[in-house]
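Engineer: Going down the list, the protein sequences come from chains A and B. Okay, so the first sequence: first residue is 19 according to our numbering, each after it adds one. Okay, so the second sequence: first residue is 19 according to our numbering, each after it adds one. Where is the CB? At the ideal position from N, CA and C, for every residue including glycine. Here the structure is a predicted model, which means the values were calculated and not measured.
Protein chains: 2
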Amino acid sequence: MSKAEKRDEIVRAALEIIAEHGFHGAPMAMIAEKAGVGAGTIYRYFENKDVLINELYRELEDRIYAAVLAGYSSDKPIRERFIYLGTAVLGYFIANPLDFRYLEQFHNSPYGMAYRRDRISGKKEDRDMYRELFEEGVAQQVIKDFPLVVLFALTFGPILPVARDHILNFIVLDDDLILRTIEACWDGVKR
Amino acid sequence: MSKAEKRDEIVRAALEIIAEHGFHGAPMAMIAEKAGVGAGTIYRYFENKDVLINELYRELEDRIYAAVLAGYSSDKPIRERFIYLGTAVLGYFIANPLDFRYLEQFHNSPYGMAYRRDRISGKKEDRDMYRELFEEGVAQQVIKDFPLVVLFALTFGPILPVARDHILNFIVLDDDLILRTIEACWDGVKR
DNA sequence: GCTTACAGAATGAATGTTCATTCCAGTATA
DNA sequence: TATACTGGAATGAACATTCATTCTGTAAGC
Chain A
19 MSKAEKRDEI VRAALEIIAE HGFHGAPMAM IAEKAGVGAG TIYRYFENKD
69 VLINELYREL EDRIYAAVLA GYSSDKPIRE RFIYLGTAVL GYFIANPLDF
119 RYLEQFHNSP YGMAYRRDRI SGKKEDRDMY RELFEEGVAQ QVIKDFPLVV
169 LFALTFGPIL PVARDHILNF IVLDDDLILR TIEACWDGVK R
Chain B
19 MSKAEKRDEI VRAALEIIAE HGFHGAPMAM IAEKAGVGAG TIYRYFENKD
69 VLINELYREL EDRIYAAVLA GYSSDKPIRE RFIYLGTAVL GYFIANPLDF
119 RYLEQFHNSP YGMAYRRDRI SGKKEDRDMY RELFEEGVAQ QVIKDFPLVV
169 LFALTFGPIL PVARDHILNF IVLDDDLILR TIEACWDGVK R
């Protein structure tokens, strides 16, 4: 097994275990076992557990960004772009439940708090299609004139619990219901 | 200090520390110190930490329910009731940030998962004004015909992050912005 | 081609720390 | 005095991290 493959195994194992059991149900020894390496080996690739957790987060973020960006076109009308982004994000979560559950764990933890703070205070670059979309929409008077965080809340607020309920089998989302849900978010955001 | 007072002190201390530091930043010894009792004493009032955590949750739920119910009148029109409930809940969270942070911690933890499961599968009685409101609204064709969980997501989905952002000082919500935010939720939910 | 030597990688038992929970000597209450 | 309650030290389990040791692949020497 090459060096890169081994690193990947560790990251994959961490994703799986943390997504399923939370940060505190994921001892390094368990991650090591699932990855098929010794406990000490992880520390040859990651300085400590925090670093592993943060690097995994960055990787997931990149993957989602890439997946969603693929079909995005910034010259379509605002509404169409909004619907596309919403369905794409929700679709990604449903297709990749481990990723979703990991992101949730991360966001609802001190890691996520720190990350969020950096982001809102502008310390973090964000290549964020939503921000751009909202700003344009408000300027064009197509979207309600709210602070950005409120628009984010109106959009992702409903998407995340709906994804969670689907992943946990509390509902079944088919393509039609996904679309109607995102359209309902649009109704909340549009002028 | 009477027996009941001591119990209250413990519960209050737990609320404060867990809301601020999360379940894992809240050792029993720290809760005991803040409550002004010995560590062992807590175990005379609560069988173990899990019981304490769950009882505290129930208490908060009751308080919120009572606060919101106070001004609720189930014979007003659907929209008016929706707006009232939304602003009341959001207002409660803003006025009681510790309660809000505790509830968030709880919901995003294995405790909350179990609770949620019981609730959705109907094992738990819920004296839930929202459920009733949604069912009535759908029947009257005033509200979009979605599964209940989606309607919940469209309503609470935005309320919770907005409350969090306010409590963490990422935005300042005044009465006007609160009202407009809830109205936007209504736009998402109404037909 | 075959052996030997060696650097770097991998291992997992051992360590130190952080808790929840228990226990009991001391204190209040009746 | 007898009973119940309290504080906080003691216990033991869980876990991240370390490090002495073992393994492995490569390259030099023959």
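(1) Helix or strand or just coil, what does DSSP make of B:Lys208?
(2) Below 7 Å on C-beta distance, what does A:Ile138 contact in chain B?
(3) In chain B, what lies closer than 8 Å to A:Thr105 by C-beta?
(4) Do B:Ile28 and B:Tyr61 have their C-beta atoms within less than 7 Å of each other?
(5) What does the alpha-carbon distance come out to for the pair B:Thr199 and A:Val168?
(6) If you compare alpha carbons, which of A:Tyr75, A:Phe174 and A:Glu77 is closest to A:Phe100?
(7) Out of B:Glu38, B:Val207 and B:Arg76, which has the shortest C-alpha to C-alpha gap to B:Val160?
(8) Would a check of beta-carbon distances place B:Gly58 closer than 7 Å to chain A?
(9) Hey, out of B:Trp204, B:Asp193 and B:Ala171, whose CA is closest to B:Ala113's CA?
(10) Going by DSSP in three states, A:Ile112 sits in which element: helix, strand or coil?
(11) Chain B beta carbons: is any one of them nearer than 7 Å to that of A:Asp220?
(12) Under the three-state reduction of DSSP, which class applies to A:Ile189: helix, strand or coil?
(13) Let me check understanding here. Comparing Cα to Cα, which of A:Ala88, A:Gly58 and A:Glu77 lies closest to A:Asp26?
(14) May I ask which residues mark the beginning and end of the alpha helix (DSSP H) holding B:Asp26?
(15) What runs of the alpha helix (DSSP H), each 4 residues or longer, lie entirely inside the stretch 43 to 112 of chain B?
(16) Please report the residue range of the alpha helix (DSSP H) in which A:Gly130 lies.
(17) Count the C-beta pairs between the stretch 117 to 127 of chain B and the stretch 67 to 81 of chain B that are closer than 8 Å, then say yes if the count reaches three, no if not.
(18) Would you say B:Pro176 and A:Leu172 are within 7 Å of each other, going by their C-beta atoms?
(19) Any C-beta of chain A sitting closer than 7 Å to the C-beta of B:Asp163?
(20) Please confirm if A:Leu172 has its CB atom under 7 Å from at least one CB of chain B.
Structural biologist: Answer, in terms of the structure:
(1) strand
(2) Phe188
(3) For A:Thr105, no chain B residue has a C-beta closer than 8 Å to its own C-beta; the minimum C-beta separation is roughly 14 Å.
(4) no
(5) Cα atoms of B:Thr199 and A:Val168: separation of roughly 7 Å, rounded to the nearest angstrom.
(6) A:Phe174
(7) B:Val207
(8) no
(9) Selected option, being the one with the closest Cα: B:Asp193.
(10) helix
(11) This structure cannot settle anything about residue 220 of chain A, because the visible part of chain A is limited to 19 through 209.
(12) coil
(13) A:Glu77
(14) Segment Lys21 to His39, the alpha helix (DSSP H) holding B:Asp26.
(15) 46 to 53, 57 to 63 and 67 to 87
(16) Pro128 to Ile138
(17) yes
(18) yes
(19) No - not a single Cβ of chain A is within 7 Å of the one on B:Asp163.
(20) yes
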